[in-house]
Structures are given as C-alpha cells and as structure tokens.
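Undergrad: One structure is given below, represented as structure tokens, and several questions about it will come after.
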Amino acid sequence: MPDMTPDEEAAILDTPRLRLRPFTAEDAEAHARLYSDPEVTRYLGGGSATVQTPGERSARTLEAFVRHWEEHGFGVWAVLERGSGRVIGQCGLKYLPVASAAAPDVEVLYALERRWWGRGLATEAAGAALDHGFVTLRLPRIVAVTRPQHHASRRVMGKVGMTCEGDVEVYGIRAVLYALSREAYLARRDARRPRAATSTASGATGPPSARGSG
Ligand SMILES: CC(C)(COP(=O)(O)OP(=O)(O)OC[C@H]1O[C@@H](n2cnc3c(N)ncnc32)[C@H](O)[C@@H]1OP(=O)(O)O)[C@@H](O)C(=O)NCCC(=O)NCCS
178 MPDMTPDEEA AILDTPRLRL RPFTAEDAEA HARLYSDPEV TRYLGGGSAT VQTPGERSAR
238 TLEAFVRHWE EHGFGVWAVL ERGSGRVIGQ CGLKYLPVAS AAAPDVEVLY ALERRWWGRG
298 LATEAAGAAL DHGFVTLRLP RIVAVTRPQH HASRRVMGKV GMTCEGDVEV YGIRAVLYAL
358 SREAYLARRD ARRPRAATST ASGATGPPSA RGSG
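Quick note: to get the working numbering, add 177 to the position in the sequence shown (first position is 1).
Encoded structure:
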C-alpha cells in the first residue's frame with residue numbers, strides 16, 4: 178500500500194473525539210483485527226456467504242479503499258480514537274457499484290470495533306464524512322444502505338439527517354436506502370448553527386470557539 182499522497186494528507190478530518198485519515202500500510206493489522214469480529218462484518222458489503230477468511234476480506238477491502246482514493250480523490254478513512262491514537266474502525270465515502278443503482282451514488286459507510294459501540298462515535302464519524310462530502314467535495318447527494326433489520330445502523334443514518342427512500346437491491350442483497358441531498362444538509366446545518374455571538378455576551382473570557390468538525 179503506498180504512503181499518503183499530499184491530497185490524502187489534506188483529507189484528514191478531526192472531530193471532538195476522533196481523527197479520520199486515509200489508511201496506510203501500517204494499519205493492516207488493526208484493520209484485520211476489526212474484521213476478525215463476526216459481529217462487525219455481519220452486515221458489511223461482501224456478506225457472510227463469501228468464501229474468504231476475515232484476513233483475506235480485510236486485505237481485499239483495504240486494497241479496494243486505496244484504489245478508490247487513487248481513482249476518485251476521496252474514500253474510506255481509518256477512524257482513530259484521538260485520546261490513544263488507536264485505529265478503532267473505518268468510515269468514509271465510496272461509490273456504490275454502478276449496476277446496483279440508476280446513477281452511481283456515493284454512499285457513507287462506517288464500522289467500529291465492538292468495544293466502542295454505543296457512545297455516539299459512528300454518528301460523529303459519519304457526520305464528519307458527510308460534511309466533507311457535501312462541503313469540500315460538493316457532492317449533490319450521499320446515500321447509505323443497510324439491511325432492514327440493522328436498527329443501529331439505521332439509527333445512525335437518521336441521526337445524521339438521512340431519510341429512508343425505500344428498498345434497493347445492492348451488493349446482492351435486499352437493503353434499505355437512506356439519502357440526503359447537499360441542499361438539505363446545508364439547510365439543516367445552518368439551522369442548527371448557533372446565532373452569531375453578540376458583543377454583549379457576559380462572562381466571555383476569550384474568543385468564541387472556532388472549532389469545527391473538519
Ligand atoms: C452500526 C454501528 C456503526 C453503530 O456504531 P455506534 O458508535 O454504536 O453508533 P452510535 O452510538 O453513533 O448510534 C447508534 C444508535 O443506534 C441505537 N441502537 C443500537 N442498537 C440498536 C438496536 N438494536 N435497535 C435500535 N437502536 C439501536 C443506539 O441507541 C444509538 O441511538 P441513540 O443515540 O438514539 O441512542 C456499530 O454497531 C458497528 O460498527 N457495527 C458493525 C459494522 C456495521 O454494521 N456497520 C454498518 C453497516 S450498514
């Protein structure tokens with residue numbers, strides 16, 4: 178796997194608890210560890226019917242991620258927990274297989290090691306990926322797909338503002354499709370932004386926080 182290109186270095190996203198950066202060759206072990214948990218891979222593309230060991234599946238996935246970055250200039254990041262610098266998952270943007278959709282949609286995807294579930298981290302990572310997709314890449318629309326019964330993933334999609342558009346056939350399975358347009362994303366983001374601070378704000382000891390989510 179090649180080292181990071183300057184473009185990839187520019188595509189590092191920081192959130193309050195996470196850093197998203199492109200995978201490097203040094204992440205192979207951490208990624209294989211992620212994919213060694215069948216609860217993590219259960220709903221991921223490729224499905225349980227594929228005849229691959231978790232290690233092979235991880236290696237092929239990483240190769241595909243690198244190819245996608247090279248071909249499109251964006252892709253799936255390694256998700257690092259900022260406190261420890263440890264790789265705890267993957268999250269990012271990638272084209273859905275063309276045959277599976279009328280137009281080649283870009284999907285947001287995410288997976289975290291099990292011990293990190295239930296803390297809002299997938300929502301935090303997916304939010305940063307969407308922001309990058311809509312604001313930096315100016316994508317018109319981003320989708321997400323999952324099996325209908327994967328309620329945790331569907332909840333993440335809902336929390337980042339995506340809405341369910343119905344059933345699709347993708348990766349050879351029946352899935353539900355969630356989507357969000359750039360227009361709707363920007364409108365939602367602006368509506369949630371605090372109004373500009375007034376100069377009379379009391380108790381302020383410094384400038385208003387300028388920290389963004391990447
Ligand atoms: C799906 C996944 C990414 C969620 O990660 P996470 O960090 O736990 O997600 P968050 O904490 O941001 O949000 C999860 C939400 O789902 C809810 N949830 C979890 N399990 C649920 C269930 N069985 N039914 C309904 N809601 C559920 C949580 O309560 C939370 O919602 P809340 O904030 O309103 O309470 C994680 O479970 C994972 O990595 N799974 C394996 C990989 C995977 O399946 N990825 C998605 C492929 S489509």
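In this text, a Cβ means the ideal position worked out from N, Cα and C, and glycines have one as well.
On a CA-only basis, which of 206, 298, 248 and 230 is nearest residue 215? Give me that one, please.
TA: Ranking 206, 298, 248 and 230 by Cα distance to residue 215 puts 230 first.
Undergrad: Please look up how many angstroms separate the CB atoms of residue 343 and residue 362, rounded, as I've assumed it's under 8 Å.
TA: Going by Cβ atoms, the distance from residue 343 to residue 362 rounds to 20 Å, so no, they are not a contact pair.
Undergrad: Can you tell me whether residue 263 is buried or exposed? The criterion is at least 16 other CB atoms within 10 Å of its CB, across all chains shown.
TA: The residue in question, residue 263, is exposed, as its Cβ has fewer than 16 Cβ neighbours within 10 Å.
Undergrad: Run through the region 300 to 384 for me and flag every whole beta strand (DSSP E) of 3 or more residues, listed as ranges in chain order.
TA: Counting whole runs of 3 or more residues, the region 300 to 384 contains the beta strand (DSSP E) stretches 318 to 323, 340 to 347 and 350 to 358.
Undergrad: Bridge partners for residue 191 per DSSP, in chain order?
TA: Beta-bridge pairing links residue 191 to 196.
Undergrad: Report buried or exposed for residue 372, applying the criterion of at least 16 other Cβ atoms within 10 angstroms of its Cβ.
TA: Exposed, since its Cβ has fewer than 16 Cβ neighbours within 10 Å.
Undergrad: Look at residue 299 and residue 353 and say whether their C-beta atoms are less than 8 Å apart.
TA: Cβ atoms of residue 299 and residue 353: not closer than 8 Å.
Undergrad: If residue 284 and residue 320 are in contact, beta carbons under 8 Å, what's the gap, nearest whole angstrom?
TA: About 5 Å separates the two Cβ atoms, so the contact holds.
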